[in-house]
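If you're matching them up, the sequences are chains U and S in order.
Here the working numbering is used: the first residue of the first sequence is 76, the next is one more, and so on.
Here the working numbering is used: the first residue of the second sequence is 10, the next is one more, and so on.
Cβ atoms here follow ideal geometry from the backbone N, Cα and C, with glycine treated the same way.
Notes follow once the structure below has been shown.
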Amino acid sequence: DSGVTQTPKHLITATGQRVTLRCSPRSGDLSVYWYQQSLDQGLQFLIQYYNGEERAKGNILERFSAQQFPDLHSELNLSSLELGDSALYFCASRRGVSNTGELFFGEGSRLTVL
Amino acid sequence: TQLLEQSPQFLSIQEGENLTVYCNSSSVFSSLQWYRQEPGEGPVLLVTVVTGGEVKKLKRLTFQFGDARKDSSLHITAAQPGDTGLYLCAGALVNRDDKIIFGKGTRLHILP
């Protein structure tokens with residue numbers, strides 16, 4: 076158990092819909108990362124927050140948005156869903172922003188868009 | 010364009026054999042990490058290397074960071090079925106420590 080909790084574990088929805096994925100980081104971790112994992116693209120970095128503020132952005136689509144709340148949990152919002160958005164979405168947390176810090180991953184949220 | 014290229018993509022070998030997988034880039038990284046991911050789970054950290062030329066050992070696994078900090082390798086001695094999994098390298102670019110990017114991984118299968 077990494078200490079990172081992601082909900083829901085599985086989600087099936089239709090094209091055009093909107094979903095919210097939730098992440099609770101490990102106790103004491105201020106940094107939250109979101110990744111998208113698909114078979115052909117591997118783990119793609121989406122966005123990172125540190126103590127409530129956005130710190131780094133990756134290849135995140137404009138239809139996607141995220142935020143980190145004062146209690147440090149984070150949400151990833153995916154809207155106008157397309158078939159290609161079907162993937163595993165991982166949240167990871169770590170203490171700070173040190174380049175040697177370990178990322179602790181949740182078990183992921185598997186999104187299926189039909 | 011993938012910043013971290015991992016090779017091979019797939020590797021299937023017999024138990025007891027040795028193997029090496031690679032993680033290469035044209036960019037310089039302040040650190041590189043290796044993670045292992047099993048089906049249905051998130052990646053789990055194996056090691057972090059920081060200094061160019063650094064070698065770290067974890068039982069039968071040997072990790073090396075290239076002198077120029079652009080590449081890394083993972084060598085497994087006497088592979089066992091329990092080593093089966095997806096091995097991912099991840100790096101923090103110099104001056105972009107916040108952004109941790111991953112390679113696509115090497116899917117390793119050890120046959121008993």
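Own chain residues within Cβ distance below 6 angstroms of residue i, not counting five before or after
i: residue 123 of chain U; result: 108, 130, 131
i: residue 21 of chain S; result: 118
i: residue 85 of chain U; result: 185
Same chain, Cβ closer than 7 angstroms to residue i, neighbours up to 5 away in sequence not counted
i: residue 105 of chain U; result: 125, 126, 147, 170, 171
With 16 other Cβ atoms within 10 Å as the buried cut-off, status of residue i
i: residue 91 of chain S; result: exposed
i: residue 81 of chain U; result: buried
i: residue 72 of chain S; result: buried
i: residue 144 of chain U; result: exposed
i: residue 45 of chain S; result: buried
Span separating the alpha-carbon of residue i from that of residue j
i: residue 77 of chain S; j: residue 108 of chain S; result: 20 angstroms
i: residue 98 of chain S; j: residue 163 of chain U; result: 18 angstroms
i: residue 138 of chain U; j: residue 39 of chain S; result: 32 angstroms
i: residue 55 of chain S; j: residue 149 of chain U; result: 26 angstroms
i: residue 93 of chain S; j: residue 115 of chain S; result: 10 angstroms
i: residue 13 of chain S; j: residue 103 of chain S; result: 14 angstroms
Cross-strand partners of residue i (DSSP beta bridge)
i: residue 122 of chain U; result: U:109, U:132
i: residue 94 of chain S; result: S:117
i: residue 33 of chain S; result: S:14, S:80
i: residue 85 of chain U; result: U:185
i: residue 101 of chain S; result: S:40, S:109
Own chain residues within Cβ distance below 8 angstroms of residue i, not counting five before or after
i: residue 177 of chain U; result: 169
Check your understanding: How do the stretch 69-87 of chain S and the stretch 19-36 of chain S stand: do at least 3 beta-carbon pairs fall below 8 angstroms, yes or no?
Key -> yes
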